[in-house]
Ligand SMILES: Nc1ncnc2c1ncn2[C@@H]1O[C@H](COP(=O)(O)OP(=O)(O)OP(=O)(O)O)[C@@H](O)[C@H]1O
Ligand SMILES: [Mg+2]
């Protein structure tokens with residue numbers, strides 16, 4: 001067993017005699033660790049935000065979208081729709097209870113002379129409202145849902161309080177693409193800017209105002225029957241939709257997606273996982289650069305201290321003692337850099353989190369946990385040791401008589 | 409007759425520069441007896457330091473053997489050699505060879521750290537040694553803040569840290585004026601007389617021979633007397 005306490009003291013004194021160089025090397029490693037900690041805690045936060053949002057969808061809801069899985073974003077942007085026959089087919093699939101086509105369009109909302117682009121959603125007061133309330137957590141926090149046949153809208157909390165310079169109140173009149181409608185309700189916040197920026201109007205009025213056929217849908221939600229297995233029902237819906245295509249168009253090209261909550265979670269998880277992997281991969285390059293900085297500093301230090309190493313060997317230091325002194329030096333550089341980088345990383349992630357609580361585009365929480373902190377400290381210490389390994393070994397292998405002959 | 413504490417048997421040290429071989433030591437035979445003080449004198453480049461390095465196990469012979477108390481040291485590992493240097497041998501060099509960024513006390517306690525001595529005891533022992541070499545109050549001075557004579561006394565204190573039986577000094581007075589040199593020689597002679605240490609001193613200076621039981625003369629890598 002080595003006298004680690006004593007060797008560590010020697011190592012610390014060595015670091016102190018080369019303060020500037022030690023600090024510069026520490027900064028190098030701190031930057032790498034800082035990037036990884038920030039990016040990891042934020043991307044993990046995004047992952048959890050998305051997965052909790054998907055969870056709020058509930059198992060009972062199956063989403064059907066046009067397009068295929070490979071080109072998901074393309075079909076979402078391209079305005080491809082599921083038509084009336086498709087919706088009928090979904091409704092008829094075994095295990096489906098209610099169907100709710102999703103239709104929305106961008107309109108210009110004008111309030112007290114201020115014009116803003118908003119997304120207007122069609123609201124089916126029967127099945128649609130059930131699904132929204134029962135499974136997606138929509139609730140009016142004040143006022144009421146629109147009444148049938150009336151030009152009334154419910155607005156998200158972001159529209160009510162932040163979109164316009166004056167807060168919108170129940171009973172206020174907003175004009176949508178030039179048509180006046182009355183605000184009858186304000187939705188409870190769902191914690192993210194997207195959901196809180198919705199404007200909903202009754203289906204028949206939506207059709208009349210926008211000319212969009214609400215029997216089709218850019219997205220369709222199906223609520224399954226009580227106790228049914230989502231995966232099985234999804235299969236039924238797929239078959240049912242394929243049949244319609246066979247019959248009507250003579251093609252079996254699958255141009256739709258049937259997504260259960262599980263499946264969406266998988267897709268989102270995959271996309272975000274890949275993103276996280278890539279981002280952390282790039283940040284790791286910064287860590288490697290920092291590590292090379294450590295190796296460089298240590299090699300320089302060994303070269304400058306050859307005579308000192310000879311002295312230590314003459315007075316009884318074993319090769320292993322010299323090895324440990326240098327490893328403890330490089331490990332300490334790594335550890336201090338790691339601690340600084342972790343601290344800055346957490347701080348920065350918290351600032352970003354704070355920014356998003358003020359501007360709630362998404363409900364982003366920086367993901368920070370004690371094991372992660374511990375891991376990053378241990379990791380940076382070992383990183384220092386790893387990059388200090390070759391310099392330390394070269395120091396340990398110096399011959400005492402030769403090293404003592406060197407003049408500084 | 410008594411067994412020598414150090415015995416060299418037909419020792420060669422050969423340096424190679426490309427194809428050219430220089431035999432710096434050419435068949436040295438030497439006995440150093442316990443509790444004696446020996447000087448080695450000889451012209452510059454004759455191989456004195458090379459010889460001392462081999463006596464101190466800082467270097468190993470290319471041919472021939474070195475025995476420590478009858479034990480053949482050629483069989484020993486690097487770790488064993490380091491252990492013997494740390495415990496049984498103390499070095500004093502012409503250039504003092506103190507670690508510049510450590511205080512006098514820290515320089516003296518360093519050999520004890522390598523022998524895993526407990527910190528409190530090491531500091532206590534370090535202070536006693538500073539007192540022994542008349543440097544009380546200089547605990548926290550760096551080598552750069554000490555005179556040459558003071559630095560050499562710190563080096564002697566360091567050499568004594570682990571109570572070695574053998575002190576090897578390579579021109580300990582070479583960088584000192586005659587007054588300081590004399591003080592250092594008296595210190596070394598006292599270690600031999602009062603503490604029963606075996607001392608070997610390399611020197612250019614024939615006056616030093618006066619302090620010694622015997623004097624060895626080396627020339628071109630061979631002992632001539
Ligand atoms: N590592 C080495 N490589 C090559 N030659 C060496 C090496 N070490 C020593 N020598 C040579 O060996 C010879 C003896 O050197 P050494 O240091 O033992 O002499 P010395 O008697 O101590 O001289 P001085 O009185 O000047 O200190 C010198 O010629 C020196 O150049
Ligand atoms: Mg010499």
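Chains as they are written, first to last, in the numbering used here: chain B, 1 to 408; chain X, 409 to 633. Here a beta-carbon is modelled for each residue, glycine too, at the ideal position from N, C-alpha and C. These numbers were taken from a predicted model, which means no experiment stands behind them.
- For residue 186/B, the enclosing beta strand (DSSP E) begins and ends at 179–187.
- Distances from the alpha-carbon of residue 214/B to those of 104/B, 241/B, 113/B put 104/B closest.
- In this structure, residue 584/X lies near residue 556/X, with their beta-carbon atoms less than 8 Å apart.
- Ranked by Cα distance from residue 470/X, the first of 441/X, 617/X, 523/X, 433/X is 433/X.
- Taking the Cα of residue 467/X as reference, the smallest distance to any Cα among 624/X, 453/X, 482/X, 627/X is reached at 482/X.
- At a Cβ-Cβ threshold of 8 Å, residue 631/X and residue 436/X count as neighbours.
- With a threshold of 8 Å between beta carbons, residue 420/X makes no contact with chain B.
- Shown here, residue 389/B sits in a helix according to DSSP, grouped into three states.
- About 4 Å separates the beta carbons of residue 221/B and residue 100/B, which is inside the 8 Å limit, making them a contact pair.
- With contacts defined by Cβ atoms closer than 8 Å, residue 392/B and residue 335/B do not form a contacting pair.
- In this structure, residue 457/X has its CB closer than 7 Å to one or more heavy atoms of ligand 2.
- Excluding the 5 residues flanking it on each side, residue 513/X has same chain C-beta neighbours closer than 6 Å at 534, 547, in chain order.
- Taking all protein chains shown into account, residue 462/X has 16 or more neighbouring C-beta atoms within 10 Å of its C-beta and is therefore buried.
- For residue 434/X, the uninterrupted beta strand (DSSP E) run begins and ends at 428–440, by DSSP.
- In the three-state reduction of the DSSP assignment, residue 232/B falls in the helix class.
- By the Cβ test, the segment 589–598 of chain X is not in contact with the segment 520–534 of chain X, since fewer than three Cβ pairs between them sit closer than 8 Å.
- Assigned with DSSP and collapsed to three states, residue 447/X falls in strand.
- By the criterion of a C-beta distance shorter than 6 Å, residue 604/X is surrounded in its chain by 443, once the five residues flanking it on both sides are discounted.
- Along the segment 279–298 of chain B, there is no position whose C-beta sits under 8 Å from a C-beta of chain X.
- Contact of residue 398/B with chain X by beta-carbon distance below 7 Å is absent, the smallest such distance being about 11 Å.
- When DSSP states are grouped into helix, strand and coil, residue 518/X belongs to the helix group.
- Taking a Cβ-Cβ cut-off of 8 Å, the neighbours of residue 566/X in chain B comprise 315, given in sequence order.
- For residue 8/B, the CB contacts under 6 Å within the same chain, skipping 5 residues up- and downstream, are 328 in chain order.
- Sequence-distant Cβ neighbours of residue 484/X in its own chain, meaning closer than 7 Å and more than five residues away, do not exist here.
- By the neighbour-count criterion, in which 16 or more other beta carbons inside 10 Å mark a residue as buried, residue 419/X falls on the buried side.
- Within chain X, not a single residue places a beta-carbon under 8 Å from that of residue 19/B; the smallest gap is close to 11 Å.
- According to the DSSP assignment, residue 127/B belongs to the alpha helix (DSSP H) that extends over 127–135.
- Under the three-pair Cβ rule at 8 Å, the segment 51–66 of chain B does not count as touching the segment 372–391 of chain B.
- Residue contact check for residue 11/B against chain X: no CB pair falls below 8 Å.
- Contact of residue 612/X with chain B is not assigned, every C-beta pair being separated by 8 Å or more.
- Exposure of residue 1/B is indicated by the presence of fewer than 16 other C-beta atoms within 10 angstroms of its C-beta.
- In this structure, 97/B is the residue among 37/B, 48/B, 97/B with its C-alpha nearest to the C-alpha of residue 227/B.
- The beta-carbon distance between residue 254/B and residue 242/B, rounded to whole angstroms, is 7 Å. This is short enough to meet the 8 Å contact definition.
- Within 7 Å of the C-beta of residue 608/X there is not a single heavy atom belonging to ligand 1.
- Using beta-carbon distances, residue 512/X does not count as an interface residue toward chain B, since no partner is under 8 Å.
- Contact annotation, residue 460/X with residue 578/X: C-beta distance approximately 5 Å; criterion of less than 8 Å satisfied.
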